[in-house]
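Below: the structure, in structure tokens.
Residue numbers (UniProt numbering), protein chains in the order written: chain A, 1 to 309; chain B, 1 to 309.
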């Protein structure tokens with residue numbers, strides 16, 4: 001590898017994670033994009049390749065470009081960078097496609113500049129990519145992509161991201177039914193008010209999930225993966241959702257839910273073998289309904305973005 | 001001590017704990033009641049002494065009596081017990097006065113019967129005492145009194161209590177302004193619906209608090225002790241509340257909030273010296289207003305109920 005160039009793996013991420021709506025996220029290990037970021041003499045940022053998805057390449061229309069520019073503006077640097085993006089995550093699938101690109105850009109540029117910024121600062125720059133992608137500068141995908149493992153976005157003002165311990169045998173299975181659900185649509189159908197009683201259940205479950213992650217209590221993780229607020233509403237947009245949940249449970253999954261704003265559905269399992277079995281069971285549901293799908297099985301990635309040789 | 005008799009310490013408890021409304025609680029170490037529970041030939045339960053508070057002594061009107069009877073009914077035992085209660089926690093103060101009595105009864109009776117029941121089962125019996133005291137069989141005081149430390153009541157159906165790690169240097173300061181706020185009143189003024197946006201902040205903070213407790217990150221514990229839902233409403237019933245909060249913070253407290261349904265106010269600090277300073281600052285507020293008060297400073301009790309020699 002050349003000195004002024006980085007080839008990196010940018011992980012897919014599961015946001016919301018059931019009871020953790022808008023605050024929790026987790027990074028995947030074997031699902032993600034690749035990017036090459038290269039220092040060049042010409043100032044600014046140029047997207048020189050974008051393979052695998054039909055997305056805009058103009059710097060200020062591309063999430064990696066916008067996130068990178070936010071970093072450069074703050075750094076006062078006069079350097080220039082070329083970015084090649086090899087998309088393997090499908091846009092709109094609900095596993096953080098835009099977050100992978102924007103975090104990859106800021107992580108690599110920061111590294112090539114000699115790391116002037118902290119990981120938390122990188123989250124802020126990457127959030128500008130999310131603002132471009134969805135209209136909302138949310139952090140629940142970019143935070144786990146940058147920190148790795150599970151992250152809790154405790155607060156936005158000021159931004160406070162808490163990395164949460166990830167049990168070593170925790171695996172995710174994600175199935176992506178090839179239907180389109182726009183983030184803006186799936187946000188629109190949410191209610192602005194909730195029952196206090198449902199809220200209490202939700203923060204009880206989130207507390208249980210965080211405790212289960214720290215104590216590596218897989219059973220507690222499973223019991224806590226219940227969403228009383230968002231899943232009952234959003235799952236209506238996802239065909240076969242209830243069936244996918246029930247077959248996952250029967251195949252041994254700890255629990256399951258909507259990944260991000262959907263349409264992907266995730267399940268957590270203890271151990272890879274169970275996660276694979278869950279994937280097989282999920283597949284059969286969509287094969288019967290006749291919906292195309294992708295299935296991913298991955299360990300939770302504790303590192304975040306990784307340099308590839 | 002006689003073979004068929006136990007003298008025990010029954011801890012005061014802080015329920016709700018700011019962002020943990022209706023799910024979180026913590027046990028105190030140096031504030032609590034004493035009880036003597038004695039096996040006697042006569043079947044059933046008799047409250048033979050009740051010192052320090054004016055409370056009913058008829059078994060089925062007394063929280064310790066009712067909780068003990070719930071245990072005996074389930075056990076099918078023909079044994080009988082006498083209970084002496086030495087109240088040091090004031091009823092209605094918001095630090096689990098009824099929970100101390102009901103948990104003490106079931107813990108000691110279970111011990112004298114050879115421990116047929118698990119701690120979780122004891123929580124269920126003690127909840128019957130809470131039902132008598134407040135009309136609601138809540139567990140957020142009785143769970144920490146029985147398990148010790150911090151506990152999360154993740155769910156009621158089925159009952160799921162999660163003991164949460166307590167950092168070793170965590171101290172509580174509690175001030176009890178001697179005004180009456182009935183639990184039923186302070187529950188009545190709560191709204192049945194909340195903003196989703198406030199809910200998200202609340203479960204973000206609860207997740208942060210649980211993470212802070214496990215990682216012994218005192219600063220994170222402090223940042224997470226924010227209640228967007230209940231405190232803004234209930235604090236109206238507590239004179240000087242905002243001032244108590246601000247002087248606590250200035251004196252070095254990590255954070256503060258309403259203990260249970262009030263009127264007591266708690267603050268957490270790192271180390272006993274700071275917790276004492278916080279107590280002094282709190283006192284001055286009520287001295288100025290002219291309200292009588294009690295102040296307690298205590299380590300978080302990791303053991304729960306303790307046998308006294």
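Every residue gets a Cβ at the ideal spot worked out from N, C-alpha and C, and that includes glycine.
Per DSSP, the unbroken beta strand (DSSP E) holding residue 257 (chain A) starts and ends at 255 to 258. For the pair residue 263 (chain A) and residue 189 (chain A), the CB atoms are not nearer than the 8 Å cut-off. Under the three-state reduction of DSSP output, residue 83 (chain B) falls in the strand class. Of the residues B:92, B:74, B:67 and B:93, the one whose Cα lies closest to the Cα of residue 83 (chain B) is B:67.
With a threshold of 16 other beta carbon atoms within 10 Å, residue 157 (chain A) falls short and is exposed. In the DSSP assignment, residue 163 (chain B) falls within the beta strand (DSSP E) that extends over 159 to 164. By the C-beta density criterion, residue 308 (chain A) is exposed, having fewer than 16 other C-beta atoms within 10 angstroms. In terms of Cα proximity to residue 23 (chain B), the closest of B:284, B:76 and B:209 is B:209. At a cut-off of 8 Å between beta-carbon atoms, residue 192 (chain B) makes contact with chain A. For residue 286 (chain A), DSSP records no beta bridge to any residue. Between the alpha carbons of residue 85 (chain B) and residue 150 (chain B) lies a gap of roughly 25 Å. Listed in chain order, the alpha helix (DSSP H) runs fully inside the UniProt domain "GHMP kinase C-terminal" (210 to 287) of chain B are 218 to 224, 231 to 234 and 241 to 250, counting runs of at least 4 residues. Judged by DSSP secondary structure, residue 150 (chain A) falls within the beta strand (DSSP E) whose first and last residues are 150 to 156. According to the DSSP secondary-structure assignment, residue 128 (chain B) is paired through a beta bridge with no residue. Residues 265, 282 and 285 of the same chain have their beta carbon placed closer than 6 Å to that of residue 244 (chain A), with the five preceding and five following residues left out of the count.
Not one beta carbon of chain A lies nearer than 8 Å to the beta carbon of residue 123 (chain B).
Spatial neighbours of residue 5 (chain B) in its own chain (CB-CB distance under 6 Å, excluding positions within 5 residues in sequence) are listed in chain order as 38. One thing to note: residue 176 (chain B) has its Cβ no nearer than 8 Å to the Cβ of residue 87 (chain B). Annotation: the stretch 38 to 115 of chain B contains the following complete segments of the alpha helix (DSSP H) (minimum length 4 residues), in chain order: 63 to 75 and 97 to 112.
In this structure, the CA atom of residue 62 (chain A) is about 8 Å from the CA atom of residue 129 (chain A). Not a single CB atom of chain B sits nearer than 8 Å to the CB of residue 118 (chain A). Proximity of residue 164 (chain A) to chain B, defined by a Cβ-Cβ separation below 8 Å, is satisfied. Chain-order list of chain A residues neighbouring residue 22 (chain B): 200, by C-beta distance under 7 Å.
In this structure, the alpha-carbon of residue 222 (chain B) lies about 10 Å from that of residue 267 (chain B). The beta-carbon distance between residue 173 (chain A) and residue 261 (chain A), rounded to whole angstroms, is 19 Å. This is too long to meet the 8 Å contact definition.
In the pairwise beta carbon analysis, the stretch 94 to 108 of chain B is classified as touching the stretch 129 to 147 of chain B: at least three pairs are separated by under 8 Å. Identification of residues in the stretch 202 to 222 of chain B having a C-beta nearer than 7 Å to some C-beta of chain A yields 202, 203, 204, 205, 206, 207, 208, 210, 211, 214 and 220, given in sequence order.
Three or more beta-carbon pairs separated by less than 8 Å are not found between the stretch 296 to 306 of chain A and the stretch 269 to 280 of chain B, which leaves the two stretches without contact. The beta-carbon of residue 195 (chain A) is placed less than 8 Å from the nearest beta-carbon of chain B. The C-alpha of residue 241 (chain B) is placed about 14 Å away from the C-alpha of residue 290 (chain B). Of the residues B:55, B:192 and B:71, the one whose Cα lies closest to the Cα of residue 230 (chain B) is B:192. Per the C-alpha coordinates, the member of B:234, B:92, B:273 and B:44 positioned closest to residue 258 (chain B) is B:234. Residue 195 (chain A) and residue 194 (chain B) have their alpha carbons spaced roughly 6 Å apart. Across the set B:139, B:218 and B:217, the C-alpha of B:139 shows the shortest separation from the C-alpha of residue 103 (chain B). Shortest Cα-Cα distance from residue 120 (chain B) to any of B:239, B:185, B:137 and B:159 involves B:159. For the pair residue 224 (chain A) and residue 212 (chain B), the Cα-to-Cα distance works out to about 19 Å.
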